[in-house]
Amino acid sequence: NAGVTQTPKFQVLKTGQSMTLQCAQDMNHEYMSWYRQDPGMGLRLIHYSVGAGITDQGEVPNGYNVSRSTTEDFPLRLLSAAPSQTSVYFCASSYSGPGGNEQFFGPGTRLTVL
Amino acid sequence: GENVEQHPSTLSVQEGDSAVIKCTYSDSASNYFPWYKQELGKGPQLIIDIRSNVGEKKDQRIAVTLNKTAKHFSLHITETQPEDSAVYFCAASKGGSYIPTFGRGTSLIVHP
């Protein structure tokens, strides 16, 4: 199993550009989520999905869009990039079930917005 | 919503010493408490977790303790080694919801 994969690893954008961060998992996990990691701020939830066709907002959703058409894929779209979106982005997946379960993280995408 | 506080933000120890990282949470309904280790340039990875029906759990040099009354849990690393140097995150989530809330992380530095 490849686990959780993310592309690209690095990206530089200009203010106002749009782009899609790709995330895929091959573990048949129902739950997938996107986090951003900034120095001293920990991992903040952007959007999450509990299954194909179902998404919801997390703590910091503004400026980002998601969709979940298949179990495997959960892309994150930046609609109009801003310097405040410079961050490291992690995708994660987990099994469903009560009480919480281990999250499997991808290797991250380091995004710089100029 | 849930709020998780993690301390310290930075911890520097000598090789062989013990390290303790502490977290508190606000929602008494939380019942799953994982700890993740993040090495430089990588995604976080689960190292140990504990559920609310257990007070302590050990895995070799790593242990986690949970005090539900006080709403705090701690990670203990004994006989630290340079390869333990990383950022550690605690998290809390509650039954019926998979969404964990993370602490802000602790940067552990183990000096040889």
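Chains A and B, in that order, are what the protein sequence lines are.
Plus 3 on top of the position in the first sequence (first one is 1) and you've got the working numbering.
Plus 4 on top of the position in the second sequence (first one is 1) and you've got the working numbering.
Where is the CB? At the ideal position from N, CA and C, for every residue including glycine.
Computed from a predicted structure; not experimentally measured.
*Collapsed DSSP secondary structure at residue 106/A in the structure displayed*: Coil.
*Is it right to say residue 13/A is buried, meaning 16 or more other beta carbons lie within 10 angstroms of its own, or is it exposed?*
Classification of residue 13/A: exposed, given that the 10 Å Cβ count is below 16.
*Residue environment, residue 124/A, which counts as buried when at least 16 other CB atoms sit within 10 Å*: What is shown of chain A runs 4 to 117, which leaves residue 124/A out entirely.
*Own chain partners of residue 114/B with C-beta closer than 7 Å, once the 5 adjacent residues on each side are dropped*: 17, 19, 84, 85, 86, 88 and 89.
*Reducing DSSP to helix, strand and coil, say where residue 88/B ends up.*
helix
*Kindly indicate the opening and closing residues of the beta strand (DSSP E) around residue 22/A.*
22-28
*If we cut at 8 Å on Cβ distances, does residue 51/A have a partner in chain B?*
yes
*Can residue 63/A and residue 39/A be called in contact, C-beta distance under 8 Å?*
Yes, they are a contact pair.
*Short check: CB of residue 63/B to CB of residue 105/A, under 8 Å?*
no
*Which of helix, strand or coil DSSP assigns to residue 104/B*: Assignment of residue 104/B by DSSP, reduced to helix, strand and coil, places it in the coil class.
*Pick from 97/B, 116/B and 93/B: whose alpha carbon is nearest that of residue 49/B?*
93/B
*Starting from the beta carbon of residue 48/A, find every residue of chain B whose beta carbon is closer than 9 Å, and list them in chain order.*
103, 104, 105 and 106
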